[in-house]
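Single-structure report; data block below.
Numbering (mature numbering (1 follows the signal peptide of the UniProt record, and there is no 0)), first residue to last: -23 to -1, 1 to 303.
Rendered as structure tokens:
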């Protein structure tokens, strides 16, 4: 038992020595660059700590003033350095600029640094602020007015030439571009003559023949087949007779064509085409094969019979005795 007690005692002594050595390695300091300043002047307060680099340190926090009449003008960034003989020792120095506008002596309190080895406190400092000596034997003078310094236009131009040169250069470049665009030779644009519009019956007959070649109803696409026929006929009626056939029902189409120059036989063919198409689209009618062929044939015949006659252009031929129409 005595042997274990001795080991425990040795361990406690070793730990105590370790923490004591570690504590001795930490050193803190507070100092003023000038302990005495005239009224309104400034001095610098340095808070410094020297400690093992691997440890963490918490710096004291200073507000806007130390005393009511001792003000902190600014706080600089902490300056860090390492011992040249032992880089494991780090030193951090933080500087505060102080001033006061009241004379007297001001006590700068102790500040505490917190580390793993413990809390370390700086010493108190005293800052003396002296009044400014005034020679009362001399008279009181007004504040001198500022001197008038001549500043010529050429001096202003020398100091501000970029503000003048770059806008002037930009104006010259823009003027050059405008001049070039106006003076450059213009390319002649070849105007392609518009192709004459195809007659309504030519368009309709081409579509109907193409539809017959597709053989839609033979592929059990009866509804699509009659819808295509109906659309072709409505487009033809709009172009040929200037009626709104695409927006009208079949009955309204026939009412619009009532006074048109269309024979009753042609009207009957048109009626068969449009009515059967309506039955297939809306009543799900399933026409016979003969009726399907009958519709395309009636549509082609109707367009062929009602096509607008094309008047050939007249040609003036000069000959003896005047102009002759050929």
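Where a beta carbon is used, it is the ideal one built from N, C-alpha and C, also for glycine.
Since the structure is predicted, the reported quantities are computational estimates derived from the model, not experimental observations.
Rounded C-alpha distance that separates residue i from residue j
| i | j | result |
| --- | --- | --- |
| residue 58 | residue 27 | 9 Å |
| residue 272 | residue 253 | 8 Å |
| residue 209 | residue 239 | 18 Å |
| residue 119 | residue 85 | 38 Å |
| residue 286 | residue 190 | 27 Å |
| residue 9 | residue 121 | 36 Å |
| residue 106 | residue 136 | 44 Å |
| residue 74 | residue 23 | 9 Å |
| residue 157 | residue 132 | 36 Å |
| residue 266 | residue 235 | 31 Å |
| residue 92 | residue 6 | 15 Å |
| residue 241 | residue 276 | 15 Å |
| residue 141 | residue 147 | 10 Å |
| residue 151 | residue 145 | 10 Å |
| residue 138 | residue 123 | 27 Å |
| residue 149 | residue 20 | 57 Å |
| residue 67 | residue 143 | 53 Å |
| residue 109 | residue 81 | 12 Å |
| residue 33 | residue 15 | 39 Å |
Beta carbon of residue i nearer than 9 Å to that of residue j
| i | j | result |
| --- | --- | --- |
| residue 274 | residue 202 | no |
| residue 218 | residue 181 | no |
| residue 72 | residue 40 | no |
| residue 185 | residue 206 | yes |
| residue 31 | residue 77 | no |
| residue 104 | residue 83 | yes |
| residue 101 | residue 89 | no |
| residue 18 | residue 46 | no |
| residue 257 | residue 200 | yes |
| residue 197 | residue 227 | no |
| residue 183 | residue 284 | no |
| residue 221 | residue 204 | no |
| residue 25 | residue 70 | yes |
| residue 247 | residue 231 | yes |
Exposure label - residue i; buried when at least 16 CB within 10 Å
| i | result |
| --- | --- |
| residue 243 | buried |
| residue 194 | buried |
| residue 296 | Residue placement at residue 296 is flagged as unreliable, the pLDDT there being 46, under the threshold of 50; a coordinate-derived value is accordingly withheld. |
| residue 211 | buried |
| residue 35 | exposed |
| residue 327 | Summary: the structure shown does not reach residue 327, with the chain confined to residues -23 through 303, and so no result is reported for it. |
| residue 50 | exposed |
| residue 168 | exposed |
| residue 99 | buried |
Residue i, enclosing alpha helix (DSSP H) - first and last residue
| i | result |
| --- | --- |
| residue 281 | 266 to 283 |
| residue 249 | 241 to 259 |
| residue 96 | Element bounds for residue 96: not the alpha helix (DSSP H) but the beta strand (DSSP E), 95 to 98. |
| residue 144 | 138 to 160 |
| residue 210 | 199 to 218 |
| residue 181 | 177 to 191 |
| residue 229 | 227 to 233 |
Where the beta strand (DSSP E) through residue i begins and ends
| i | result |
| --- | --- |
| residue 85 | 81 to 85 |
| residue 38 | Unbroken run through residue 38: none, as it is neither H nor E. |
| residue 78 | First-last for residue 78: undefined, no H or E at that position. |
| residue 169 | Element bounds for residue 169: n/a, residue is neither H nor E. |
| residue 91 | 89 to 92 |
Bridge partners - residue i, DSSP secondary structure assignment
| i | result |
| --- | --- |
| residue 24 | 7 and 71 |
| residue 14 | 106 |
| residue 56 | 70 |
| residue 124 | None, per the DSSP bridge assignment. |
| residue 47 | 44 |
| residue 34 | 92 |
| residue 19 | 76 |
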